[in-house]
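Okay, so here's the structure we're looking at.
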Amino acid sequence: MAGLFATSAMAADIKLPEPDKTNTATLISALENRHSDREFSDKALDNATLSTVLWVAYGVNRADGKRTIPTAMDKKDLNVYVFNPEGIWLYDADSNTLKQQSTENHLALFKLQDYMQPVSTVLVYTGSNEEYAVMHAGSAYQNVQLYAAANNMASIVRGFFEHEKVAEVLNLPEGQRVIISQAVGWRK
Ligand SMILES: Cc1cc2nc3c(=O)[nH]c(=O)nc-3n(C[C@H](O)[C@H](O)[C@H](O)COP(=O)(O)O)c2cc1C
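Positions in the sequence shown are counted from 1; adding 49 to them yields my numbering.
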């Protein structure tokens, strides 16, 4: 489950546009193009693209509510947060909504490497399963890297950020922990 604020909806929650599932790149070409980007444009992600990225990461892909990634015993313990200049948002896959957790810009917590300066969207994966949460995050970030490769976008998985401060601003409940982050945007 998500942070303390998740149950009390903030006024600025965002209903995302439907994810765009029309990309025609093949899986093989996405695998051929998958790589880490360290040259980002300062162009922000629009909500339509963000919606697709989040669906790719952890969206509902079947009528029974199951997701684009497998989770141990289908517990869906993973959470995906979006950090951007407008604040922190929790992705609610069932309602395709971003639930606002904070109105403050905390992107500086991820900008410990120069190439991160232009980045304005960082995903943070959190989870509670002691053994498997790391695997769930890995499945989600790989989905996003493949989508980025197939869509001329830039992405990089990043372990180098202020973990403790990120956990603090997320106000994670007991048992939830920060696993990894991923910058997503457009290539320079
Ligand atoms: C769990 C994980 C953490 C990573 N952390 C960082 C990081 O903090 N900074 C960075 O520049 N790259 C980071 N990377 C990216 C790796 O350096 C990159 O995947 C590796 O050099 C291979 O390059 P490629 O992804 O283009 O194949 C991370 C990758 C993974 C999987």
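C-beta: ideal position from N, C-alpha, C; glycine also.
Continuous beta strand (DSSP E) stretch holding residue i: start and end
i      : result
Thr146 : 146–151
Asn178 : From DSSP, Asn178 is part of no beta strand (DSSP E); its letter is neither H nor E.
Tyr164 : Neither: Tyr164 is in no beta strand (DSSP E) and is coded neither H nor E.
Gln231 : 226–235
Phe132 : 128–133
Arg207 : 202–207
Sequence-distant residues of the same chain with beta carbon closer than 7 Å to residue i, five excluded per side
i      : result
Phe210 : Leu158, Phe159, Leu161, Ser230
Val215 : Leu158, Val173, Val227
His212 : Val227
Ser204 : Asp86, Val193, Gln194, Ala197, Gln231, Ala232, Val233
Asp141 : Lys148
Ile118 : Tyr107, His185, Ser188, Ala189, Asn192
Between the CA atoms of residue j and residue i - distance to the nearest angstrom
i      : j      : result
Pro222 : Trp235 : 33 Å
Ala182 : Ala106 : 14 Å
Asp113 : Asn145 : 15 Å
Ile63  : Leu147 : 5 Å
Ala189 : Met165 : 21 Å
Glu88  : Val102 : 19 Å
Residue of the options minimising C-alpha distance to residue i
i      : options                       : result
Asp69  : Val206, Gly208, Asn200        : Asn200
Asn154 : Asp91, Trp138, Leu147, Asp143 : Trp138
Gly187 : Pro134, Leu127, Phe132        : Leu127
Tyr130 : Gln149, Ala97, Ala121, Thr73  : Gln149
Thr175 : Leu219, Ser78, Lys92          : Leu219
Asn178 : Pro167, Val171, Gly224        : Gly224
Opening and closing residue of the alpha helix (DSSP H) in which residue i lies
i      : result
Tyr196 : 182–199
Tyr107 : 96–107
Ala79  : 76–82
Ala216 : 212–219
Own chain partners of residue i with C-beta closer than 6 Å, once the 5 adjacent residues on each side are dropped
i      : result
Ser100 : Leu65, Pro66, Pro68
Ser151 : Gly136, Ile137
Asn133 : Ser169, Thr170
Burial state of residue i, where buried means 16 or more other Cβ atoms lie within 10 Å
i      : result
Asp163 : exposed
Arg207 : buried
Ile77  : exposed
Lys237 : exposed
Met202 : buried
Thr73  : exposed
Thr264 : Residue 264 falls outside the range modelled here, since the chain spans only 50 to 237, and no answer is possible.
Residue-chain proximity (residue i, chain B), Cβ-Cβ < 8 Å
i      : result
Met165 : Included in the structure is just one protein chain, with no chain B present.
Same chain only: Cβ atoms within 8 Å of residue i, ignoring 5 sequence neighbours per side
i      : result
Arg116 : Tyr107, Gly108, Val109, Asn110, Lys125, Ala142
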